[in-house]
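Colleague:
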Amino acid sequence: MADPTLVNGQITDRVTNSGEKEMSEEKNLTSNIVQQPEEPGEKNTRRTFLAIAGVAGLGYAAAMAYPIYRYLASPEEAAMNATAVTEVTLKDAQKLPAGSVLMFKFGSSPAMLIHHTDPAREWISMTAVCTHLGCTVQYEPQADRIHCACHGGVYNPYTGANVSGPPPKPLKLFKVAVNEADVKVSRA
Amino acid sequence: MTRKTIASSVYDWVDERLGLSEIVAFARHKSVPVHSQSFWYYWGGISLFLFLIQCFTGVLLLVYYRPGAEAYESVRQITFSMHFGWLIRSAHSWSANLMIFSIMVHMFSVFFMKAYRKPREFGWLSGMALLGLATVFGFSGYLLPMDELSYFATKVGLEIPATIPGIGTFIANMLRGGPEVSEFTVQRFFALHVVVLPAIFVPLLGFHLWLVQRHGNAAPPSVEALPLEQRKSMPFLPNFLMKDLAMWLISLNILALLASVFPWTLGKQFDPLAPAPLGIHPEWYFMSPFEMLKLIGAVLPGMIGEIGGILLFSVAILLWLLIPFYDGSRDSGKRGRYANYFGLLAIITLLATTVIGYWTIK
Numbered sequence: 277m278a279d280p281t282l283v284n285g286q287i288t289d290r291v292t293n294s295g296e297k298e299m300s301e302e303k304n305l306t307s308n309i310v311q312q313p314e315e316p317g318e319k320n321t322r323r324t325f326l327a328i329a330g331v332a333g334l335g336y337a338a339a340m341a342y343p344i345y346r347y348l349a350s351p352e353e354a355a356m357n358a359t360a361v362t363e364v365t366l367k368d369a370q371k372l373p374a375g376s377v378l379m380f381k382f383g384s385s386p387a388m389l390i391h392h393t394d395p396a397r398e399w400i401s402m403t404a405v406c407t408h409l410g411c412t413v414q415y416e417p418q419a420d421r422i423h424c425a426c427h428g429g430v431y432n433p434y435t436g437a438n439v440s441g442p443p444p445k446p447l448k449l450f451k452v453a454v455n456e457a458d459v460k461v462s463r464a
Numbered sequence: 363m364t365r366k367t368i369a370s371s372v373y374d375w376v377d378e379r380l381g382l383s384e385i386v387a388f389a390r391h392k393s394v395p396v397h398s399q400s401f402w403y404y405w406g407g408i409s410l411f412l413f414l415i416q417c418f419t420g421v422l423l424l425v426y427y428r429p430g431a432e433a434y435e436s437v438r439q440i441t442f443s444m445h446f447g448w449l450i451r452s453a454h455s456w457s458a459n460l461m462i463f464s465i466m467v468h469m470f471s472v473f474f475m476k477a478y479r480k481p482r483e484f485g486w487l488s489g490m491a492l493l494g495l496a497t498v499f500g501f502s503g504y505l506l507p508m509d510e511l512s513y514f515a516t517k518v519g520l521e522i523p524a525t526i527p528g529i530g531t532f533i534a535n536m537l538r539g540g541p542e543v544s545e546f547t548v549q550r551f552f553a554l555h556v557v558v559l560p561a562i563f564v565p566l567l568g569f570h571l572w573l574v575q576r577h578g579n580a581a582p583p584s585v586e587a588l589p590l591e592q593r594k595s596m597p598f599l600p601n602f603l604m605k606d607l608a609m610w611l612i613s614l615n616i617l618a619l620l621a622s623v624f625p626w627t628l629g630k631q632f633d634p635l636a637p638a639p640l641g642i643h644p645e646w647y648f649m650s651p652f653e654m655l656k657l658i659g660a661v662l663p664g665m666i667g668e669i670g671g672i673l674l675f676s677v678a679i680l681l682w683l684l685i686p687f688y689d690g691s692r693d694s695g696k697r698g699r700y701a702n703y704f705g706l707l708a709i710i711t712l713l714a715t716t717v718i719g720y721w722t723i724k
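Dropping the structure here:
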């Protein structure tokens with residue numbers, strides 16, 4: 277401390293000052309209650325001021341928070357726009373050999389195009405996101421099933437139906453149109 | 363139990379373990395001198411506020427920034443693809459400049475109020491270290507977008523340590539991560555900017571603030587000369603704190619205005635084969651030493667000028683740092699006056715060389 281007496285002097289000064297202030301305020305309050313139970317005008321201006329200040333403060337905070345929220349939410353918004361995709365064109369996918377699979381992105385999530393050997397239901401496309409906890413599933417041609425390695429879920433590779441294991445719902449099918457130069461996959 | 367007794371028993375429980383009431387008692391007793399120069403007391407607080415803004419906007423930028431080879435592309439994304447990314451980046455750049463400015467105002471006010479005198483020597487030294495670190499923050503952050511300007515600024519800036527005889531080239535290569543400014547440079551500047559510097563800056567800032575609590579605000583000599591009963595003060599809680607917060611709000615508004623009306627630009631991606639753009643110059647807070655070196659170089663050409671310039675700088679900075687030790691007591695009348703002249707000389711030199719620097723660009 278540079279000068280303890282100075283500091284002490286200030287402290288005692290201030291404490292007594294504020295003590296006196298509090299007391300006098302209390303006196304005013306009691307005298308108000310006794311003599312004038314209500315002072316509506318004064319009360320209203322104080323309340324109005326606090327309300328306006330509160331609203332302005334909230335508005336200010338919101339004006340600061342909004343750009344930050346939008347900034348942080350940017351990728352999410354981009355992903356939302358991507359899910360609005362209704363059709364994906366897979367160039368040269370018509371050359372996919374029978375009994376194999378092509379993984380692709382439908383919007384922002386993985387999907388698969390399976391070229392089955394069965395000519396009656398040759399081309400099947402469905403989402404590749406397991407309905408259980410969101411792992412990416414895989415097509416197993418030897419076992420003729422779709423399998424999720426995370427928790428052992430099994431789906432039917434033709435209908436997407438959940439066959440066994442934990443998945444609660446089937447995989448959603450897409451519409452497939454095979455053309456000369458590409459395969460178009462769209463929402464069913 | 364009523365709500366009030368629950369609250370007070372929770373407070374008591376915490377208080378018993380953390381000693382909150384000691385802090386409250388301390389804060390209640392804290393007071394700030396009131397006099398005609400009290401305005402300058404706010405500048406330390408403003409600097410602190412702008413540093414907090416830097417931390418906050420810095421973390422927001424960190425969410426999308428990628429150092430290394432993708433640095434420019436990620437800053438381009440932040441500026442043009444992410445919603446309000448331009449605003450966050452602009453606020454970070456503007457706040458950086460405002461922070462250096464307010465630290466300088468704070469430093470000169472401390473200097474002329476002679477607040478470095480006993481027992482506040484460590485406050486002065488830690489403050490100077492913080493200013494030094496702030497300029498390194500500025501220098502390292504400037505490269506991170508990896509556009510043309512930041513590339514050449516770093517290239518030129520690293521030529522300064524390279525002039526140190528003997529080990530200069532070694533130091534410059536270590537900083538650059540090779541003989542040229544490249545993606546390795548931006549990667550290590552990034553590590554410096556977001557990990558190393560904050561790790562040094564924050565504890566030092568804590569020390570600086572602790573010293574302010576310990577010694578309180580210094581009154582200028584003219585006020586200290588007054589008899590005790592003529593000195594005025596105001597309680598820190600809530601009076602000064604409220605005023606402090608009002609200054610923070612004003613600073614935030616000025617920052618928001620600057621950042622949105624004059625958004626920070628992003629130049630072309632750096633190209634190591636492209637010539638330096640016309641009118642390239644250092645940031646304003648490096649302009650003065652840059653110009654001084656240039657002027658000394660014009661008077662004393664060659665190696666002698668370079669070494670002479672660096673020597674002159676080192677002596678001046680050393681004298682500035684050591685001011686509490688040769689103008690350390692209240693009754694050093696003559697020395698106190700010389701210190702004032704030294705401060706004025708410093709301000710005039712800084713301003714003049716900065717003006718000349720900007721003048722000669724145009």
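In the order they appear, the protein sequences are chains F and Z. Heads up: the first sequence begins at 277 in the numbering used here, then just goes up one per residue. Heads up: the second sequence begins at 363 in the numbering used here, then just goes up one per residue. All residues carry an ideal CB built from backbone N, CA and C; glycine is no exception.
Establish whether the CB of F:S384 and some CB of chain Z are separated by less than 7 Å.
Modeller: Chain Z places no beta carbon closer than 7 Å to that of F:S384, leaving this residue out of the contacts.
Colleague: Under 8 Å by Cβ, that's how I've got Z:L559 and Z:F499 pegged, so tell me the actual separation to the nearest angstrom.
Modeller: Their Cβ separation, rounded to whole angstroms, is 5 Å, which keeps Z:L559 and Z:F499 in contact under 8 Å.
Colleague: One question on the structure: do Z:Y434 and Z:Q631 come within less than 7 Å of each other, judged by their Cβ atoms?
Modeller: yes
Colleague: Can you determine whether any heavy atom of the ligand FAD sits closer than 6 Å to the C-beta of Z:Y513, and answer yes or no?
Modeller: In terms of ligand content, the structure shown is empty, and the ligand FAD therefore cannot be addressed.
Colleague: Mind listing the chain F neighbours of Z:L449? Cutoff is C-beta to C-beta under 7 Å, in chain order.
Modeller: P343
Colleague: Compute the Euclidean distance between the alpha carbons of Z:M461 and Z:F413, then round it to the nearest angstrom.
Modeller: Each residue's alpha carbon lies about 7 Å from the other.
Colleague: In terms of alpha-carbon separation, which member of F:L389, F:M356, F:T359, F:P351 lies closest to F:D368?
Modeller: Nearest of F:L389, F:M356, F:T359, F:P351 to F:D368, Cα basis: F:L389.
Colleague: For F:H427, is the classification buried or exposed, using 16 other Cβ atoms within 10 angstroms of its Cβ as the cut-off for buried?
Modeller: exposed
Colleague: Measure the Cβ-Cβ separation of Z:L599 and Z:A389 and say whether it is below 7 Å.
Modeller: yes
Colleague: Have a look at Z:L380, Z:F624, Z:W682 and flag the residue whose alpha-carbon is nearest the alpha-carbon of Z:I709.
Modeller: Z:W682
Colleague: Give the straight-line distance between the Cα atoms of F:E398 and F:P433, rounded to the nearest whole angstrom.
Modeller: 11 Å
Colleague: Quick one: is F:Y347 near chain Z, going by C-beta distance under 7 Å?
Modeller: yes
Colleague: Which whole runs of the beta strand (DSSP E) in the stretch 461–492 of chain Z are 3 residues long or more, in chain order?
Modeller: none
Colleague: Listing by chain order, which chain F residues have their CB less than 8 Å from the CB of Z:H445?
Modeller: By Cβ distance, chain F contributes P343, R346, Y347, A349, S350, E353.
Colleague: Taking the C-alpha atoms as reference points, what is the distance between F:S462 and F:K381?
Modeller: 12 Å
Colleague: Which word fits Z:W375, buried or exposed, when buried means at least 16 other C-beta atoms lie within 10 angstroms of its C-beta?
Modeller: exposed
Colleague: What is the DSSP secondary structure of F:L378, counted as helix, strand or coil?
Modeller: strand
Colleague: Applying the criterion that 16 or more other CB atoms from any shown protein chain within 10 Å of the CB defines a buried residue, is F:T306 buried or exposed?
Modeller: Caution applies to F:T306, whose pLDDT of 44 falls short of 50 and renders its modelled position unreliable; the model cannot decide the point.
Colleague: Near Z:M508, which residues of its chain fall below 6 Å by C-beta distance, leaving aside the five closest residues on each side in sequence?
Modeller: A433, Y434, V548, F632
Colleague: What do you get for Z:P395, buried or exposed, if any count of 16 or more other CB atoms within 10 angstroms of its CB means buried?
Modeller: buried
Colleague: Let me confirm a value: Z:D693 is counted as buried when at least 16 other C-beta atoms fall within 10 Å, else exposed. Which label applies?
Modeller: With fewer than 16 Cβ atoms within 10 Å of its Cβ, Z:D693 is classed as exposed.
Colleague: Excluding five sequence neighbours on each side, which residues of the same chain lie with their C-beta closer than 8 Å to the C-beta of F:P373?
Modeller: Correct list, in chain order: H391.
Colleague: Have a look at Z:A678 and Z:L628 and give me their C-alpha separation to the nearest angstrom.
Modeller: 36 Å
Colleague: Quick check on F:Y431: does DSSP put it in helix, strand or coil?
Modeller: Of the three classes helix, strand and coil, the one that applies to F:Y431 here is strand, per DSSP.
Colleague: Does Z:E355 pass the burial test, meaning 16 or more other C-beta atoms within 10 Å, or should it be called exposed?
Modeller: As shown, chain Z starts at 363 and ends at 724. That puts residue 355 of chain Z outside it, with no answer to give.
Colleague: DSSP state of Z:T419, grouped into three classes?
Modeller: helix
Colleague: Could you name each continuous alpha helix (DSSP H) segment of 4 residues or more that falls completely within the stretch 384–411 of chain Z, going from the start of the chain to the end?
Modeller: Segments of the alpha helix (DSSP H) lying fully in the stretch 384–411 of chain Z: there are none.
Colleague: Can you pull the chain F residues whose beta carbon is under 8 Å from the beta carbon of Z:V585, in chain order?
Modeller: Within chain F, no residue comes near Z:V585; the closest Cβ sits about 11 Å away, beyond 8 Å.
Colleague: Can the beta-carbon of Z:L492 be found closer than 7 Å to that of Z:L554?
Modeller: no
Colleague: Whose Cβ in chain F lies nearer than 8 Å to the Cβ of Z:V394?
Modeller: What Z:V394 touches in chain F: nothing, since even the nearest Cβ is about 10 Å away.
Colleague: Quick one: grab the DSSP three-state call for Z:L662.
Modeller: coil
Colleague: Excluding the five sequence neighbours on either side, which residues of its own chain have a C-beta within less than 8 Å of the C-beta of Z:H570, listed in chain order?
Modeller: Closer than 8 Å at Cβ, skipping near neighbours: G485, S488, G489, L492.
Colleague: Of all the options Z:T441, Z:I440, Z:A496, which has the alpha carbon lying nearest to the alpha carbon of Z:F463?
Modeller: Z:A496
Colleague: Among residues of its own chain, excluding the 5 on either side of Z:F501, which ones have a beta-carbon nearer than 7 Å to its beta-carbon?
Modeller: G519
Colleague: Closest by CA to Z:T715, which one among Z:L382, Z:F442, Z:L655, Z:M609?
Modeller: Restricting attention to Z:L382, Z:F442, Z:L655, Z:M609, the CA atom closest to the CA of Z:T715 is found in Z:L655.
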